[in-house]
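Take a look at the structure set out below.
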Amino acid sequence: MEFFDTLETRSRDARQADLLAGVNQQIAHVCQTPGAYLQDVVPLSDLSDLARLPVLRKADLVQAQKDNPPFGNVPVGDILHVFQSPGPIYEPGGISHDWWRMGRFLHAAGIGQDDVIQNCFGYHLTPAGMIFESGARAVGARVLPAGTGQTELQVTAARDVGATAYAGTPDYLKIILDKADSMGVQLGIAKAVVGGGALFPSLRQDYADRGIACLQSYATADLGNIAYESAAMEGMIVDEHVVVEIVTPGTGTPVAVGDVGEVVVTSLNPDYPLIRFATGDLSAVMPGASPCGRTNTRIKGWMGRADQTTKIKGMFVRPEQVAALVDKHSEIHRARVIASREGEMDQMTVQIEADGGDQMQFARSVVEVLKLKGQVEVVGPGVLPRDGLVIEDQRVYE
Numbered sequence: 006m007e008f009f010d011t012l013e014t015r016s017r018d019a020r021q022a023d024l025l026a027g028v029n030q031q032i033a034h035v036c037q038t039p040g041a042y043l044q045d046v047v048p049l050s051d052l053s054d055l056a057r058l059p060v061l062r063k064a065d066l067v068q069a070q071k072d073n074p075p076f077g078n079v080p081v082g083d084i085l086h087v088f089q090s091p092g093p094i095y096e097p098g099g100i101s102h103d104w105w106r107m108g109r110f111l112h113a114a115g116i117g118q119d120d121v122i123q124n125c126f127g128y129h130l131t132p133a134g135m136i137f138e139s140g141a142r143a144v145g146a147r148v149l150p151a152g153t154g155q156t157e158l159q160v161t162a163a164r165d166v167g168a169t170a171y172a173g174t175p176d177y178l179k180i181i182l183d184k185a186d187s188m189g190v191q192l193g194i195a196k197a198v199v200g201g202g203a204l205f206p207s208l209r210q211d212y213a214d215r216g217i218a219c220l221q222s223y224a225t226a227d228l229g230n231i232a233y234e235s236a237a238m239e240g241m242i243v244d245e246h247v248v249v250e251i252v253t254p255g256t257g258t259p260v261a262v263g264d265v266g267e268v269v270v271t272s273l274n275p276d277y278p279l280i281r282f283a284t285g286d287l288s289a290v291m292p293g294a295s296p297c298g299r300t301n302t303r304i305k306g307w308m309g310r311a312d313q314t315t316k317i318k319g320m321f322v323r324p325e326q327v328a329a330l331v332d333k334h335s336e337i338h339r340a341r342v343i344a345s346r347e348g349e350m351d352q353m354t355v356q357i358e359a360d361g362g363d364q365m366q367f368a369r370s371v372v373e374v375l376k377l378k379g380q381v382e383v384v385g386p387g388v389l390p391r392d393g394l395v396i397e398d399q400r401v402y403e
């Protein structure tokens, strides 16, 4: 199949140069807006310079939107819709082009002008339905705006309009297919594009056994498409209009390639410029390029949540506190807090990966920064797992 556009096969140097120009344009746009969340930022000379800018978190947007509704201190351009997500937090949306960049994913899934998509993402308040509808428009497919519920009617409509593709959460398609089986209805769905939940290998195989090719995307209401699968199904390819960083949770510090960390995204959408927006999701960069021929960076997909805030001995310990502990001593490379139980009592162990240093001094810093006493274990460089966890809860809850 042809690629969606020539951006997908750019050289690394060409892509980096284009993205750098786009990021600097976004930064200038934000900084020119009075009261915006970034001010007085000089142009970046390299994409790695993004690491010196602050991370923008959803909690920051929630507070900013309370102070200045509906979109806080983010400059918003050409939009026609306003959506609401839990928080509450409000997101803008536009229809003048593929605003959420979902067409690239649908094209990679083989969806085009001959397809009718049964869109089972929600249209009520949340943007998911419109996100996939804009993608369908970009590839010329027709849409049955089905939403969820009324499964028997969904089956009837899918049969009557000749639906060939499904868009929705991974598990809802099975509900439709099982209902069709019970009704004795043969559906023509052969492609599925899913998101908003985990696509377990057993479920993907179940669809494959039915002759349905199921691919997944990674998108958010704020950012639109971040990464997507191609038919190669080897990782998720980063979208061409975002910059993805993987950072240590609670910080803005990038991790090494292959290490798990929090996904931080800079969007090049001029209508809603989010720079270093923290998704709260964990993932990792994969080495190499996809066998499908697309040359952009790949990530491993969703690997859990970065917000590992845990209550120990009645006190919350947050990833930001662990990051502050690391920053307090030049000898410390990384740290990991482990919550466990001894009898009926909470226990806290702080593992510190460091080049030497004074263990007693580390212990005093633990009390000062985490506000709790705990056992301190100092280990050598490279010992702690690179799995994205900075707070590990080993307690068993029954």
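If you want our numbering, it's the position in the sequence shown, counting the first as 1, plus 5.
Note that beta-carbon positions come from the ideal geometry of N, C-alpha and C, so glycine has one too.
- The count of Cβ pairs closer than 8 Å, one atom from the region 310 to 322 and one from the region 124 to 135, stays below three, leaving the stretches out of contact.
- Counting along the chain, E325 sits inside the alpha helix (DSSP H) bounded by residues P324 to K333.
- Nearest Cα to V265 within the set D54, I251 and K378: I251.
- Taken in chain order, the complete alpha helix (DSSP H) segments of 4 or more residues contained in the region 110 to 161 are 133 to 144.
- In this chain, E347 is not harboured by any alpha helix (DSSP H); it is covered by the beta strand (DSSP E) spanning I337 to E347.
- With respect to the 7 Å criterion, A226 and S101 are not classified as neighbours on the basis of their beta carbons.
- Rounded to the nearest angstrom, the gap between the Cα atoms of M320 and L61 is 25 Å.
- For the beta strand (DSSP E) assignment, the uninterrupted runs of no fewer than 3 residues enclosed by the region 160 to 222 are, from N- to C-terminal side, 170 to 173 and 196 to 199.
- For V67, no beta strand (DSSP E) segment is defined; the enclosing uninterrupted segment is the alpha helix (DSSP H) at K63 to D72.
- Taking a contact to require three or more Cβ pairs closer than 8 Å, the region 187 to 198 and the region 68 to 77 do not qualify as touching.
- With 16 or more other Cβ atoms inside 10 Å of its own Cβ, H112 counts as buried.
- At the C-beta level, R346 and R281 stay beyond 7 Å of one another.
- Under the three-state reduction of DSSP output, S272 falls in the strand class.
- Counted as a single uninterrupted DSSP element, the alpha helix (DSSP H) harbouring L24 occupies residues R17 to C36.
- At least 7 Å separates the beta-carbon of L330 from that of V384.
- Here the alpha carbons of A162 and G152 stand approximately 12 Å from one another.
- Proximity to V166 across Y177, P150 and G154 peaks at P150, based on C-alpha coordinates.
- A237 places its beta carbon less than 7 Å from that of S295.
- V355 sits close to G379, with the two beta carbons spaced by under 7 Å.
- Per DSSP, L279 is not a residue of any beta strand (DSSP E), being assigned neither H nor E.
- Within the model, the alpha-carbon separation for A232 versus A114 is close to 13 Å.
- A distance below 7 Å separates the beta carbons of M107 and N230.
- Here the C-alpha atom of T300 lies approximately 15 Å from the C-alpha atom of F110.
- Boundaries of the beta strand (DSSP E) harbouring M350: M350 to A359, taken from the DSSP string.
- Distance from the Cα of A289 is smallest, within the candidate group K305, L279 and V144, for K305.
- By DSSP's assignment, N230 forms a beta bridge with A224.
- Around the beta-carbon of Q159, 16 or more other beta-carbon atoms lie within 10 Å, marking it buried.
- By the Cβ neighbour-count rule, G257 is buried, with 16 or more other Cβ atoms within 10 Å of its own.
- When the alpha-carbon of W307 is set against those of I317, M291, Y171 and A218, the nearest one is in M291.
- Following the DSSP letters along the chain, one finds F88 inside the beta strand (DSSP E) bounded by residues H86 to S90.
- From the listed residues V247, V342, D10 and T284, the smallest Cα separation to W105 is found for V247.
- With a beta-carbon spacing of about 7 Å, H334 and S370 fall inside the 8 Å limit used to define contacts.
- A Cβ-Cβ contact shorter than 7 Å links E336 with G362.
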